[in-house]
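S.K.:
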Amino acid sequence: MESGRILGIAYNVIPVKDVEKSAEWFVKHFGFNIRNKRDGYLSLFRENRPILDLIQSEHDSRAVFEVNGRKRWVITFFSDDIVSLHSRLQAGDVKVGSLSDEGKYGKFFVLEDLDGNLFDVWEHRDCELVY
Numbered sequence: 001m002e003s004g005r006i007l008g009i010a011y012n013v014i015p016v017k018d019v020e021k022s023a024e025w026f027v028k029h030f031g032f033n034i035r036n037k038r039d040g041y042l043s044l045f046r047e048n049r050p051i052l053d054l055i056q057s058e059h060d061s062r063a064v065f066e067v068n069g070r071k072r073w074v075i076t077f078f079s080d081d082i083v084s085l086h087s088r089l090q091a092g093d094v095k096v097g098s099l100s101d102e103g104k105y106g107k108f109f110v111l112e113d114l115d116g117n118l119f120d121v122w123e124h125r126d127c128e129l130v131y
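Anchor point for the sequence shown: position 24 equals 24 in the UniProt record's numbering, and the numbering is continuous, going up by one each time.
1. Taking the C-alpha atoms as reference points, what is the distance between Asn33 and Asn48?
2. Any chance the stretch 54–66 sits against the stretch 6–17, with 3 or more Cβ pairs inside 8 Å?
3. Ends of the alpha helix (DSSP H) at Val13?
4. Tell me the DSSP secondary structure of Leu42 in three-state form.
5. Quick test of the definition: if touching needs 3 or more C-beta pairs under 8 Å, does the stretch 89–98 touch the stretch 67–78?
6. What are the start and end residues of each continuous alpha helix (DSSP H) run of 4 or more residues lying completely inside the UniProt domain "VOC" (8–124), in chain order?
7. When the Cα atoms are used, what is the spatial distance from Leu44 to Val110?
8. Is Val83 buried or exposed, if buried means 16 or more other CB atoms sit within 10 Å of its CB?
9. Around the Cβ of Lys107, are there at least 16 other Cβ atoms within 10 angstroms (buried) or fewer (exposed)?
10. Taking the Cβ atom as the reference point for each residue, do Asp115 and Ser22 lie within a distance shorter than 8 Å?
11. Are the C-beta atoms of Ser100 and some chain B residue less than 8 Å apart?
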């Protein structure tokens, strides 16, 4: 096998207003654990796998962009039980969009964190994801 290839995405970086408050929110709703805590910066992991780095930003920039006037996300999480996750987040007062079943493309919903960063959540049974 050839070496020197991209093997996947290690983690994603998102801007937040308050690193501590945002980290608590992600730990509460997704069970992430905190690592590499520094001034204005920390990493969120799922067990030993890095997921997100939160960086405190004094600007209003967020991990979101627009297409035809519609806000879009830049990060998609995957789930092994999207229906349960969607229900749990709704019950926890997380801003979630409706659950969409797009057949062969899988099931999806969009959520928003405390800072207005958008995330897509996806479940697909026929796609190999290493985690």
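Glycine included, each C-beta is placed from N, C-alpha and C at the ideal position.
None of the values given here were measured: they were computed from a predicted structure.
M.R.: Considering the structure as presented:
1. Our two residues, Asn33 and Asn48, have alpha carbons roughly 9 Å apart in a direct line.
2. Pairwise C-beta distances place the stretch 54–66 in contact with the stretch 6–17, as three or more of them are shorter than 8 Å.
3. It is not in any alpha helix (DSSP H) - Val13 instead sits in the beta strand (DSSP E) that spans 12–16.
4. In the structure shown, Leu42 sits in a strand (DSSP, three-state: E or B).
5. By the Cβ test, the stretch 89–98 is not in contact with the stretch 67–78, since fewer than three Cβ pairs between them sit closer than 8 Å.
6. If we require 4 residues or more, the alpha helix (DSSP H) runs fully inside the UniProt domain "VOC" (8–124) come out as 19–30, 82–91.
7. Their backbone Cα atoms lie some 20 Å apart in a straight line.
8. By the beta-carbon neighbour count (other beta carbons within 10 angstroms, threshold 16), Val83 is exposed.
9. Under this definition Lys107 is a buried residue.
10. Yes, they are a contact pair.
11. The chain labelled as chain B is not found in the depicted structure, where only one protein chain is given.
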